[in-house]
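Structure first, commentary second.
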Amino acid sequence: MTEENGRKLSIICSKGTLDMAYPGLVLANAALMEGIDVNIFFTFWGLDMVNKKTMNYLKVSPLGNPSMHMPNGMGIPNLVGMLPGMTDMTTTMMKKEIEKLDFPPVDEFLEMIHDAGGKLYGCRMAMDMMHLEKEDLCEEVDEVIGAMEFMEISEGGNIIFI
Amino acid sequence: MTEENGRKLSIICSKGTLDMAYPGLVLANAALMEGIDVNIFFTFWGLDMVNKKTMNYLKVSPLGNPSMHMPNGMGIPNLVGMLPGMTDMTTTMMKKEIEKLDFPPVDEFLEMIHDAGGKLYGCRMAMDMMHLEKEDLCEEVDEVIGAMEFMEISEGGNIIFI
Amino acid sequence: MTEENGRKLSIICSKGTLDMAYPGLVLANAALMEGIDVNIFFTFWGLDMVNKKTMNYLKVSPLGNPSMHMPNGMGIPNLVGMLPGMTDMTTTMMKKEIEKLDFPPVDEFLEMIHDAGGKLYGCRMAMDMMHLEKEDLCEEVDEVIGAMEFMEISEGGNIIFI
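Chains as they are written, first to last, in my numbering: chain A, 1 to 162; chain B, 163 to 324; chain C, 325 to 486.
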């Protein structure tokens with residue numbers, strides 16, 4: 001989109017909830033549109049963002065999250081948040097809001113980022129821990145690498161841990 | 163306080179809990195006292211930190227947070243953390259500790275940071291998602307901007323995601 | 325291990341759960357092996373990682389964490405995650421996986437990082453808040469410092485907030 005400006009941003013995605021997946025995707029996208037090189041390293045729960053089985057089913061839980069509001073601005077008491085179906089309800093609500101803002105679902109967003117030149121990496125250690133193979137991840141993931149390789153790739157730029 | 167030293171720190175505040183609000187405020191304040199330029203970008207749940215209705219009512223939940231201790235050093239079992247009133251109790255406990263250390267409440271802390279030259283920004287996308295207008299935010303928020311503008315503002319400095 | 329390359333990485337550890345302790349330790353270790361200077365600043369719940377009483381008993385909770393899977397790939401419903409013993413079960417599961425990958429427990433990992441030249445710092449403010457003294461922390465912690473001193477130490481390198 002814009003010309004490259006020599007700047008680099010490396011994002012470590014370590015969370016697998018819907019509300020912590022989008023900040024990484026939005027920042028990556030914004031950086032690419034500014035001509036900044038982007039690397040994303042998916043580790044721990046962040047692998048859920050690129051795991052074909054889970055990437056489009058990320059959830060946001062109201063439990064233990066005092067920031068979660070009902071549409072009326074009231075917090076959700078833990079005793080209510082615990083009820084079956086509440087996680088699904090809050091997830092559906094957030095997905096609708098994301099859609100209204102014209103942001104794509106996770107798989108399409110990653111494709112968009114990848115097409116714009118963003119590099120996606122799976123963390124070897126976390127994949128071993130979760131018994132995941134390269135084939136379990138979406139095809140936009142360029143490579144599975146270790147933390148040392150990630151440190152090399154991120155040299156000379158900003159690193160953000162989400 | 164100190165002279166400017168050309169260094170820059172941009173903090174992305176994405177959490178709305180009391181225990182994740184203070185680290186950002188404390189770091190921003192420390193950086194300003196060192197003569198570092200500070201930008202804070204409030205996004206997702208972090209908007210609760212600058213939302214006039216919520217900023218002084220941030221909570222900390224014991225639920226699903228195994229690090230939360232009782233004063234006797236014991237963890238809080240989830241079955242107990244779930245009881246009505248436990249979130250309020252842990253919140254009150256932490257607020258007292260913060261006060262004892264002479265740290266101001268969130269609104270005054272933000273005023274202090276702003277007066278010292280820190281710039282505060284609301285994230286347009288997150289505000290749209292949560293149906294918030296500029297008027298809903300405290301007056302210390304300088305501007306509502308998008309992620310691309312934030313990437314420009316943060317150029318040449320450190321970026322921290324909280 | 326490798327020669328120093330003039331690069332610097334400062335990691336702020338603010339979480340006390342097992343799943344958010346290891347990313348910091350793994351990154352610190354990888355950076356040191358790449359010849360990068362490493363500083364770790366333990367604040368808020370992150371103090372649990374260097375508190376002698378808690379460091380080897382960090383837990384991971386399934387509650388309010390929709391990313392947490394059962395071995396069969398199914399999520400853990402909040403009503404089940406709330407049952408006594410579920411936090412212990414998920415913690416034991418993760419500890420086993422970490423061990424299988426030949427990663428040491430937290431105390432040994434910190435010793436390894438310290439021996440390789442990594443500097444460990446306790447955050448004075450958070451220690452005051454939690455009524456901790458230097459003696460409560462493991463001996464690998466080099467010093468207890470304030471946020472301003474940490475800002476000075478981190479100058480000219482990357483800063484990551486976990």
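Note that the Cβ used here is the ideal one computed from N, Cα and C, for glycine as well.
Note that this is a predicted model, so its numbers are computed, not measured.
- For the pair of segments examined, the segment 171 to 182 of chain B was found not to touch the segment 142 to 156 of chain A: the number of CB pairs separated by less than 8 Å stays below three.
- Of all C-beta pairs linking the segment 168 to 178 of chain B to the segment 205 to 220 of chain B, three or more are shorter than 8 Å, placing the two stretches in contact.
- Remark: C-beta atoms of residue 107 of chain A and residue 29 of chain A do not approach each other more closely than 7 Å.
- With respect to the 7 Å criterion, residue 212 of chain B and residue 285 of chain B are not classified as neighbours on the basis of their beta carbons.
- Taking C-beta atoms as the reference points, residue 222 of chain B and residue 256 of chain B count as a pair closer than 7 Å.
- For residue 471 of chain C, the nearest beta carbon of chain B is closer than 7 Å to its own beta carbon.
- Judged by DSSP secondary structure, residue 277 of chain B falls within the alpha helix (DSSP H) whose first and last residues are 268 to 277.
- Excluding the 5 residues flanking it on each side, residue 156 of chain A has same chain C-beta neighbours closer than 8 Å at 8, in chain order.
- Annotation: the continuous alpha helix (DSSP H) that includes residue 128 of chain A extends over 124 to 129.
- For residue 333 of chain C, the enclosing beta strand (DSSP E) starts and ends at 332 to 337.
- Bridge partners of residue 143 of chain A according to DSSP: A/121.
- Taking the Cβ atoms as the reference, residue 127 of chain A lies roughly 10 Å from residue 425 of chain C, outside the contact range of under 8 Å.
- DSSP, reduced to helix, strand and coil, places residue 200 of chain B within a strand of the structure shown.
- Proximity of residue 315 of chain B to chain A, defined by a Cβ-Cβ separation below 7 Å, is not satisfied.
- When 8 Å is used as the limit between beta carbons, residue 271 of chain B is near no residue of chain A, the shortest such separation being about 18 Å.
- For residue 158 of chain A, the enclosing beta strand (DSSP E) begins and ends at 158 to 161.
- Under the three-state reduction of DSSP, residue 375 of chain C is assigned to strand.
- Taking the Cα positions, residue 24 of chain A is about 20 Å away from residue 90 of chain A.
- Scanning its chain for C-beta atoms nearer than 8 Å, with the 5 sequence neighbours on each side dropped, one finds around residue 32 of chain A the residues 1, 38, 113, 116, 117, 118, in chain order.
- Around residue 214 of chain B, the same chain offers 298, 299, 300 as residues with beta carbons nearer than 8 Å, after the five sequence neighbours per side are excluded.
- For the segment 351 to 373 of chain C, the beta-carbon criterion of a distance under 9 Å to any beta-carbon of chain A is satisfied by 351, 353, 354, 355, 357, 358, 360.
- A buried status is given to residue 358 of chain C, since no fewer than 16 other beta-carbon atoms sit within 10 Å of its beta-carbon.
- Per DSSP, residue 205 of chain B has no beta bridge partner at all.
- For residue 22 of chain A, the uninterrupted alpha helix (DSSP H) segment begins and ends at 18 to 33.
- Listed along chain B, the residues sitting closer than 7 Å to residue 483 of chain C by beta-carbon distance are 320, 322.
- Straight across, the Cα-Cα distance linking residue 160 of chain A with residue 132 of chain A is about 24 Å.
- Within the same chain, and ignoring the five residues on either side of residue 172 of chain B in sequence, the residues whose Cβ sits closer than 8 Å to its Cβ are 200, 201, 202, 203, 312, 315, 316, 319, 320, 321, 322.
- Beta-bridge pairing by DSSP links residue 383 of chain C to C/341.
- At a cut-off of 7 Å, the C-beta of residue 142 of chain A has no neighbouring C-beta in chain B.
- When the five nearest sequence neighbours on each side are left out, the beta carbons in the same chain lying within less than 8 Å of the beta carbon of residue 167 of chain B are those of 196, 197, 198, in order along the chain.
- For residue 347 of chain C, the neighbours in chain A by C-beta distance under 7 Å run, in chain order, 14, 43, 44.
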